[in-house]
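Okay, so here's the structure we're looking at.
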Amino acid sequence: MLAMNYRGPLRVRIDHKPEPEILHPQDAIVRVTRSCICGSDLHLYNGSVPDTRVGMTFGHEFTGVVEQIGEQVEKLKVGDHILVPFNIACGTCVFCQQEMYGNCHESNPQASAVGGIFGYSHTAGGYDGGQAEYARVPYADVSPTVIPEGMDLDDAVLLTDVVPTGYQAAEMGGIQPGDTVVVFGAGPVGIMAARCAWLFGAGRVIVIDCVDYRLEFARKYAPCEAYDFRSLEDPVLFIKRTTDFLGADVCIDAVGAEAAGSALQTVLGRKLLMQGGAATALHWAINSVKKGGIVSIVAVYGPIDALVPVGNVVNKGLTIRANQASVKRLLPRLIEHVQNGILDPKAMITHRVPLEDVSDAYRIFSAKLDECIKPVLIPPSART
Amino acid sequence: MERKAIDPSQVKGWGVDADPKNDPTYPMKNRNDGEHAGYSWERPPQQPITVEVLHSNERPDVTSVFGTSTPPLGLSGALRRLGFRYSESSYGHWLPLVLADRVSVAEGVLEDLKQGQVPNVFAERGWKAEWEHNRTSLVRRVLVRAVLVSAAVAYLRRRRGGS
Ligand SMILES: NC(=O)c1ccc[n+]([C@@H]2O[C@H](COP(=O)([O-])OP(=O)(O)OC[C@H]3O[C@@H](n4cnc5c(N)ncnc54)[C@H](O)[C@@H]3O)[C@@H](O)[C@H]2O)c1
Ligand SMILES: [Zn+2]
Ligand SMILES: [Zn+2]
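These protein sequence lines are chains A and B, in that order.
Numbering of the first sequence is given in our numbering, commencing with residue 4 and proceeding in unit increments.
Numbering of the second sequence is given in our numbering, commencing with residue 6 and proceeding in unit increments.
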């Protein structure tokens, strides 16, 4: 089958690989119909997640048709068209039982700090992902969900990650009616977080990024105020000034390890890999939030330490809430929001690219070419 | 900068999920009194371990399922095994893994060559997309590099000629 193949930092290509097989009685094999590239993939693409092995296939946001099921799979059947949440979750461990499906303890042998994630290095379990014609889906009865009738595939594929992650970012912000919410990052996740902040009753939503076309998109889509941090002499000071010098009630970090904006963080976190990425946006978030405020982190960092002003967290009495999104927990509500037209995820997809052109798709998304917000890869069998 | 006010009540869906109780520690985890039961849940059946799987020493064993992509191999594999002797809390764990990732890039090139394939690094880096959407910057970068390389070559030649 055709599958994306990681060859080293900034080098990916399409190759032929053997088709996946059932390896566990609760597995399913799906024929992929849509597969996105995510900001999280860029951390792998840039070589900043330890234990990213050459030869791996990435891809954790995909939909597909069930082709085979293991003997213990009961809910799914061959032929079902499903959306596959990015977390691999057993449904029985103590964390899954508490609906922390992003923190499953039975899906990632390599690290205890994170659950298994499709196509996301060995630090997240060593699974080949969905940027391929076929993928193996463990615990098929737990998270994977049959796509509701009439739902657009492009909406379905964004329900595997971007929508729940943006939503959970806002949810973890504990937003109270009237709150001022600042979202760092106008990638798909940040844009969705800004959109969802309103659902929780925000009174004012501000997005910070440095890419003009993304700011413009956010302004209309969320809708929100959106500012380019390069044109603000100091983003923290700007937020203080625009909030009566008190700070925002809630700050959301939707940037992560690849952040721009601080030479020191960039050198330590992105060039020398001495930090788990550049923590620039998190630094700004902590310093921009009001005393007693909440910082919500969905952005991804590597497992090594990163420089943030912890002293200010203490002195300001902040609450920090963070996690991988618990996709399965949120799906019922979010499917409803999509069906009722409250959320319109597919409007974020700017690029529909044949799977075979995966190298170019990565480049376009990573270098922010051609006004790309969100690219989706389409395998040959789904193009007819 | 001028503040553009947005009237929240005009935003579709405003407040539909407002939850005054979510302040600030709404249970992201749904507490179920399982907190102190330890590692006692009924584990799913074990996926047969048919490839080498390194497991964190912060766990007793391999999880019920795991990925079988790219098992450890060669020098990078040896480095990875070394890293897994240390906990996730230690640089001893992560630094060998970071190094192994770099080594495995070289191993990947060798593997390609062994199969008679010279990796097309330009295509892999998506230069076609750069050419289509970012041409001036691409041309500038290539020219700058070409100038730097030829300057370095000229300098080395002169030094060699002079000594
Ligand atoms: N927790 C989860 O479950 C989860 C799920 C999906 C994605 N993520 C993470 O969310 C983050 C965003 O994902 P995405 O797909 O939107 O990525 P993306 O790369 O498309 O977007 C990141 C944006 O941040 C901007 N940016 C860079 N430096 C900045 C700074 N200092 N301040 C403000 N903006 C800055 C970039 O210009 C870019 O537009 C990533 O770190 C990703 O790994 C987390
Ligand atoms: Zn993702
Ligand atoms: Zn679990």
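Yeah, the Cβ is synthetic: ideal placement off N, Cα and C, and Gly gets one too.
Here the structure is a predicted model, which is why all the values come from computation and not from measurement.
Residue i burial status per 10 Å Cβ neighbour count (16 or more: buried)
i	result
B:Trp136	exposed
A:Thr148	buried
A:Lys294	exposed
A:Ser51	buried
B:Val154	exposed
A:Pro167	buried
A:Thr387	exposed
A:Asp131	buried
A:Phe248	exposed
A:Asn8	buried
A:Phe220	buried
A:Val81	exposed
A:Phe65	buried
B:Glu40	exposed
B:Thr141	exposed
A:Pro21	exposed
A:Ile300	buried
A:Leu267	exposed
A:His125	buried
A:Leu218	buried
A:Ala6	buried
Check whether residue i and residue j have beta carbons under 8 Å apart
i	j	result
A:Gln29	A:Gln75	yes
A:Tyr216	A:Met4	no
A:Ala229	A:Ala196	no
B:Val58	A:Pro112	yes
A:His340	A:Leu346	yes
B:Asn37	A:Gln100	yes
A:Ile297	A:Gly176	yes
A:Val192	A:Ala282	no
A:Ser43	A:Pro88	no
A:Tyr48	A:Ser369	yes
B:Leu104	B:Leu84	yes
A:Ile178	A:Val97	no
A:Trp201	B:Pro13	yes
A:Ala31	A:Ala135	no
B:Gly82	A:Gly128	no
B:Pro76	B:Arg86	no
A:Pro357	A:Pro53	no
A:Val214	A:Lys371	yes
B:Ala23	A:Phe203	yes
C-alpha distance - residue i paired with residue j, whole-angstrom precision
i	j	result
A:Ile209	A:Val184	6 Å
B:Asp28	B:Val56	Summary for B:Asp28: the model assigns pLDDT 49, below 50, so the residue's position carries little reliability; its value from the coordinates is reported in the next sentence. So the two alpha carbons sit approximately 46 Å from each other.
A:Cys199	A:Gly190	14 Å
A:Phe61	A:Leu333	24 Å
A:Arg56	A:Gly250	42 Å
A:Ile150	A:Glu236	46 Å
B:Tyr160	B:Trp99	40 Å
A:Lys349	A:Ala114	33 Å
A:Ser234	B:Ser74	44 Å
A:Leu45	B:Arg163	43 Å
A:Glu174	A:Ala325	10 Å
B:Pro101	B:Phe89	9 Å
B:Tyr96	A:Gly272	15 Å
A:Pro383	A:Val33	14 Å
Using only Cβ atoms and a threshold of 6 Å, which residues come within that distance of a heavy atom of ligand 2? Order them by chain position.
With 6 Å as the limit between CB and the heavy atoms of ligand 2, the residues that fall short of it are A:Cys41, A:Ser43, A:His63, A:Glu64, A:Phe89, A:Asp164.
With 7 Å as the limit, tell me which residues of the segment 68-79 of chain B have their beta carbon closer than that to any beta carbon of chain A; keep them in chain order.
Within the segment 68-79 of chain B, the residues whose Cβ lies closer than 7 Å to some Cβ of chain A are Thr68, Ser69, Val70, Phe71, Gly72, Thr73, Ser74, Thr75, listed in chain order.
Residues of the segment 137-160 of chain A in Cβ contact with chain B at a cutoff of 8 Å, in chain order, please.
Under the 8 Å Cβ criterion, the segment 137-160 of chain A contributes Pro141, Tyr142.
Just by C-beta distance, which residues in the segment 109-130 of chain B are closer than 9 Å to chain A?
Those residues of the segment 109-130 of chain B that come within reach of chain A (Cβ to Cβ, closer than 9 Å) are Ser109, Val110, Ala111, Glu112, Gly113, Val114, Glu116, Asp117, Pro124, Asn125, Val126, Ala128, Glu129, Arg130.
Which of the residues in the segment 82-113 of chain A, read from start to end, lie with their CB under 8 Å from any CB of chain B?
So the list reads Ile91, Cys93, Thr95, Cys96, Val97, Phe98, Gln100, Gln101, Glu102, Met103, His108, Glu109, Ser110, Asn111, Pro112, Gln113, given in the order they occur along the chain.
Against chain B: residues of the segment 17-29 of chain A by CB proximity under 7 Å
Listed by position, the residues of the segment 17-29 of chain A near chain B (Cβ gap below 7 Å) are Leu26, His27, Pro28, Gln29.
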